[in-house]
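Read through the structure below, which is laid out as structure tokens, and then see the notes.
Residue numbers (the working numbering): 1 to 115.
Here you go:
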């Protein structure tokens, strides 16, 4: 994976020998995972039928590229995140955070000529 800090979030580009696929069984085209991105606060909101709007602390986006008739399309699966007081650290998410921290440090060194 290549970790990137973007103006809108943290992204991990996926480069696997076997790329993960989105199981979209009713579609004849395959959808390949290209990147994972975390945005804080969440990019999207949910409007309930009573008019209330739900907001979220973060959003995990799994971006997939299509194939065949959908080869120019991108499908994003979004998972909303809520901060929970006293929650245990998530070991899998921590791996990504470490990668992004290293990427950001490298960007600082490039931008600011740190040695």
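Ideal placement from N, C-alpha and C gives every residue a C-beta, glycine not left out. Quick caveat, the model's predicted, so the values are computed rather than measured.
TODO: May I ask you to report which of helix, strand or coil DSSP gives residue 91?
DONE: In the chain shown, counting from the first residue as 1, residue 91 sits at position 91. Looking at residue 91 - three-state DSSP - the assignment turns out to be helix.
Task: Meets three-Cβ-pair contact criterion under 8 Å: the stretch 52 to 62 and the stretch 72 to 79 - done: yes
Open item on the list: Distance check for residue 65 and residue 27, CA to CA, integer angstroms please.
Closed with: Position 27 of the chain shown holds residue 27. Position 65 of the chain shown holds residue 65. Cα to Cα, residue 27 sits roughly 13 Å from residue 65.
Task: When 22, 105, 51 are compared against residue 33, the one with the closest alpha-carbon - done: As a first step, residue 33 is located in the chain shown; it is residue number 33 there, counting from the start. Nearest C-alpha to residue 33: 22.
Open item on the list: Taking the straight line between their C-alpha atoms, what separation do you get for residue 42 and residue 7?
Closed with: By 1-based counting over the chain shown, the position of residue 42 is 42. By 1-based counting over the chain shown, the position of residue 7 is 7. Approximately 14 Å between the Cα atoms of the pair.
Task: Span separating the alpha-carbon of residue 90 from that of residue 106 - done: As a first step, residue 90 is located in the chain shown; it is residue number 90 there, counting from the start. As a first step, residue 106 is located in the chain shown; it is residue number 106 there, counting from the start. Rounded to whole angstroms, residue 90 to residue 106 spans 24 Å at the Cα level.
Task: Span of the beta strand (DSSP E), counted from its first residue to its last, around residue 56 - done: Against the chain shown, residue 56 aligns to sequence position 56. Premise fails: residue 56 is in no beta strand (DSSP E) and is neither H nor E.
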